[in-house]
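Below is one structure, written out as structure tokens; comments come after it.
Protein chains: 2
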Amino acid sequence: MERAQVPETTIQRLPVYLRCLLQAQQERMPVINSVQMAEMCGSNAAQVRKDLSYLGELGTRGIGYDVEALIAHISRVLGITERRRAVVVGYGRLGGALRSYTGFPERGFEIVAVFDADPAKIGTDADGLVVRPMEELEDGIREVGAEIAILATPAPVSQQVADRLVSAGIRAILNLAPVRLHVPAGVAVRQVCLSTDLQILSFHLAQEQLT
Amino acid sequence: MERAQVPETTIQRLPVYLRCLLQAQQERMPVINSVQMAEMCGSNAAQVRKDLSYLGELGTRGIGYDVEALIAHISRVLGITERRRAVVVGYGRLGGALRSYTGFPERGFEIVAVFDADPAKIGTDADGLVVRPMEELEDGIREVGAEIAILATPAPVSQQVADRLVSAGIRAILNLAPVRLHVPAGVAVRQVCLSTDLQILSFHLAQEQLT
Numbered sequence: 006m007e008r009a010q011v012p013e014t015t016i017q018r019l020p021v022y023l024r025c026l027l028q029a030q031q032e033r034m035p036v037i038n039s040v041q042m043a044e045m046c047g048s049n050a051a052q053v054r055k056d057l058s059y060l061g062e063l064g065t066r067g068i069g070y071d072v073e074a075l076i077a078h079i080s081r082v083l084g085i086t087e088r089r090r091a092v093v094v095g096y097g098r099l100g101g102a103l104r105s106y107t108g109f110p111e112r113g114f115e116i117v118a119v120f121d122a123d124p125a126k127i128g129t130d131a132d133g134l135v136v137r138p139m140e141e142l143e144d145g146i147r148e149v150g151a152e153i154a155i156l157a158t159p160a161p162v163s164q165q166v167a168d169r170l171v172s173a174g175i176r177a178i179l180n181l182a183p184v185r186l187h188v189p190a191g192v193a194v195r196q197v198c199l200s201t202d203l204q205i206l207s208f209h210l211a212q213e214q215l216t
Numbered sequence: 006m007e008r009a010q011v012p013e014t015t016i017q018r019l020p021v022y023l024r025c026l027l028q029a030q031q032e033r034m035p036v037i038n039s040v041q042m043a044e045m046c047g048s049n050a051a052q053v054r055k056d057l058s059y060l061g062e063l064g065t066r067g068i069g070y071d072v073e074a075l076i077a078h079i080s081r082v083l084g085i086t087e088r089r090r091a092v093v094v095g096y097g098r099l100g101g102a103l104r105s106y107t108g109f110p111e112r113g114f115e116i117v118a119v120f121d122a123d124p125a126k127i128g129t130d131a132d133g134l135v136v137r138p139m140e141e142l143e144d145g146i147r148e149v150g151a152e153i154a155i156l157a158t159p160a161p162v163s164q165q166v167a168d169r170l171v172s173a174g175i176r177a178i179l180n181l182a183p184v185r186l187h188v189p190a191g192v193a194v195r196q197v198c199l200s201t202d203l204q205i206l207s208f209h210l211a212q213e214q215l216t
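Taken in sequence, the protein lines are chains A and B.
Letter by letter, the first sequence follows residues 6 to 216 in my numbering.
Letter by letter, the second sequence follows residues 6 to 216 in my numbering.
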């Protein structure tokens with residue numbers, strides 16, 4: 006299985022390449038070379054060629070990559086040839102923003118259920134879905150066939166909710182609470198931490214102010 | 006200036022180390038070694054030692070790192086020894102969630118102004134701040150002395166707003182709109198893209214389902 010060797014940093018760039026390729030497709034480019042891709046993605050051509058080489062022999066030397074074929078291939082590698090089903094757990098302001106984010110379907114994801122613990126929210130409309138109570142979490146996840154959970158609960162309960170998600174069969178969690186989750190092997194977690202992003206920005210500010 | 010050589014991947018881990026060290030401080034540990042830090046951060050000890058070695062000669066062989074000293078040092082490197090001032094631009098659901106996020110102050114940031122274009126929102130309360138009109142963006146930023154902007158505007162206007170932020174003196178932008186910003190050299194941008202995070206999770210799901 007060649008995918009096992011794809012470095013994590015390359016995996017993280019694949020969604021960016023895919024976005025650029027979809028843009029190229031919209032602009033009706035049949036073929037794209039690594040220099041053009043690098044320009045669109047804000048990368049460099051050598052990096053693009055190296056990253057794509059992990060996925061197999063894809064381009065034609067001196068010509069470039071077939072746009073349609075490369076879109077199909079990266080989509081396959083990313084496992085989004087069919088839409089993956091996700092649930093949102095925690096329907097506060099952040100959960101609400103996520104539910105109403107219109108970019109997910111075109112990127113391969115569909116939100117199929119929303120859960121919250123607050124009796125005032127349960128049963129209300131969540132952009133076309135009904136907010137379901139936390140008591141229905143496990144049954145609801147199995148019912149809708151969700152694989153991914155977007156966790157937007159308050160930090161103190163996030164671990165406990167994550168445990169329930171895992172026991173309900175969820176194998177991938179996008180965690181928006183500022184808390185490190187402990188999950189069994191085989192469950193993928195990505196932590197969205199805006200404080201961390203701000204600190205990285207601050208590093209660049211500090212560096213500039215020192216030079 | 007030794008900081009210029011710190012690899013970007015190391016920079017991205019510094020906020021995580023800082024968070025672990027603050028936890029160690031809370032637990033009243035005077036000294037921490039790389040094995041303990043790696044355990045807390047979900048990393049490995051060699052990585053921790055290598056990353057910290059970029060910041061200078063910090064630990065004592067066979068003993069470890071002085072927790073207080075290392076907190077102070079990483080905070081200096083990240084430029085958060087004093088709180089940095091940030092503005093939120095776009096006070097929709099996402100902007101609202103960001104404004105009310107209580108984790109920023111303890112991580113070195115303070116939100117000092119909120120802007121929106123919607124007349125229905127202008128003048129209303131934003132967790133203790135008043136939502137200001139976009140017309141006041143440049144003057145407002147200078148007035149409050151903000152260095153960082155958190156951009157939560159609709160995608161179609163984000164580039165145009167980013168241009169105004171840069172001309173008002175903003176040198177770091179956390180962009181939450183799903184659009185790639187073009188900014189002059191010397192302005193740092195971090196893109197928060199949840200679709201990208203979901204696609205990376207999906208890669209791990211796809212890989213597992215194939216093996």
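Note that beta-carbon positions come from the ideal geometry of N, C-alpha and C, so glycine has one too.
If you're wondering where the values come from, they're calculated on a predicted model, not measured in any experiment.
Reduced DSSP category for residue i - H, G, I as helix; E, B as strand; rest coil
| i | result |
| --- | --- |
| P189 (chain A) | coil |
| T201 (chain A) | helix |
| F208 (chain B) | helix |
| V92 (chain A) | strand |
| Y106 (chain A) | coil |
| T86 (chain B) | coil |
| V11 (chain A) | coil |
| R137 (chain B) | strand |
| A125 (chain A) | coil |
| M6 (chain B) | With a pLDDT of 41 at M6 (chain B), under the threshold of 50, the modelled position of that residue is not reliable, and no figure is offered here. |
Best match in the options for proximity to residue i [C-alpha to C-alpha]
| i | options | result |
| --- | --- | --- |
| A223 (chain B) | B:L19, B:E213, B:P189 and B:G174 | Residue 223 (chain B) falls outside the range modelled here, since chain B spans only 6 to 216, and no answer is possible. |
| R66 (chain B) | B:P110, B:D144, B:M139 and B:S39 | B:S39 |
| E13 (chain B) | B:E111, B:D56, B:R104 and B:M42 | B:D56 |
| E115 (chain A) | A:R88, A:L103, A:D130 and A:L179 | A:R88 |
| A190 (chain B) | B:L60, B:R176 and B:L210 | B:R176 |
| A118 (chain A) | A:A211, A:E111 and A:S105 | A:S105 |
| Q165 (chain A) | A:G145, A:H187 and A:G150 | A:H187 |
| Y59 (chain B) | B:V82, B:G95 and B:I205 | B:V82 |
| G69 (chain A) | A:R54, A:L181, A:V194 and A:D132 | A:R54 |
| R18 (chain A) | A:E32, A:R147, A:S80 and A:Q30 | A:S80 |
| C25 (chain B) | B:M42, B:T15, B:V36 and B:M34 | B:M42 |
| A102 (chain B) | A:R195, A:T158, A:D132 and A:D144 | A:T158 |
| D71 (chain A) | A:S48, A:G95, A:Q52 and A:V36 | A:V36 |
| C198 (chain A) | A:R98, A:E213, A:G133 and A:V184 | A:V184 |
| A151 (chain B) | A:C46, A:L210, A:L23 and A:D123 | A:L210 |
| I85 (chain A) | A:G47, A:I76, A:G113 and A:G97 | A:G113 |
| A122 (chain A) | A:L63, A:G61, A:N180 and A:E140 | A:E140 |
| R98 (chain A) | B:Q196, B:A131 and B:E213 | B:A131 |
| P3 (chain A) | A:D144, A:Y96 and A:T107 | Since the first residue shown for chain A is 6 and the last is 216, residue 3 (chain A) is missing from the structure and cannot be characterised. |
| V21 (chain B) | B:E62, B:Q52 and B:A182 | B:Q52 |
Beta-carbon separation (whole angstroms), residue i vs residue j, contact threshold 8 Å
| i | j | result |
| --- | --- | --- |
| S200 (chain A) | F109 (chain B) | 6 Å |
| I153 (chain B) | L203 (chain A) | 7 Å |
| S163 (chain A) | L156 (chain A) | 6 Å |
| A160 (chain A) | I178 (chain A) | Contact doesn't hold; Cβ gap of about 14 Å is too wide. |
| P138 (chain A) | I146 (chain A) | At roughly 13 Å, the Cβ-Cβ gap does not stay under 8 Å, so P138 (chain A) and I146 (chain A) are not in contact. |
| Q30 (chain B) | E73 (chain B) | 7 Å |
| V149 (chain A) | F120 (chain A) | The Cβ separation is near 11 Å, so there is no contact. |
| V194 (chain A) | N180 (chain A) | 6 Å |
| I76 (chain B) | L134 (chain B) | Actually they do not touch by this definition, with Cβ atoms about 29 Å apart. |
Limits of the unbroken beta strand (DSSP E) element including residue i
| i | result |
| --- | --- |
| A118 (chain A) | F114 to D121 |
| L156 (chain B) | I153 to L156 |
| R54 (chain B) | Where R54 (chain B) is concerned, there is no enclosing beta strand (DSSP E), although the alpha helix (DSSP H) it sits in stretches over A50 to S58. |
Boundaries of the alpha helix (DSSP H) in which residue i is found, first to last residue
| i | result |
| --- | --- |
| V184 (chain A) | Neither: V184 (chain A) is in no alpha helix (DSSP H) and is coded neither H nor E. |
| V40 (chain A) | S39 to C46 |
| G145 (chain B) | L142 to V149 |
| R169 (chain A) | A160 to S172 |
According to DSSP, residues forming a beta bridge with residue i
| i | result |
| --- | --- |
| V72 (chain B) | Beta-bridge pairing links V72 (chain B) to no other residue. |
| V194 (chain A) | A:I178 |
| V36 (chain A) | A:D71 |
| D132 (chain A) | D132 (chain A) pairs with nothing; no bridge assigned. |
Contacts that residue i makes with chain C (C-beta to C-beta distance below 9 Å)
| i | result |
| --- | --- |
| S200 (chain A) | The displayed structure is made up of protein chains A and B, and chain C is not among them. |
Any non-hydrogen atom of the ligand SAM within 7 Å of residue i CB
| i | result |
| --- | --- |
| V119 (chain A) | Looking for the ligand SAM in the displayed structure turns up nothing, as the structure carries no ligands at all. |
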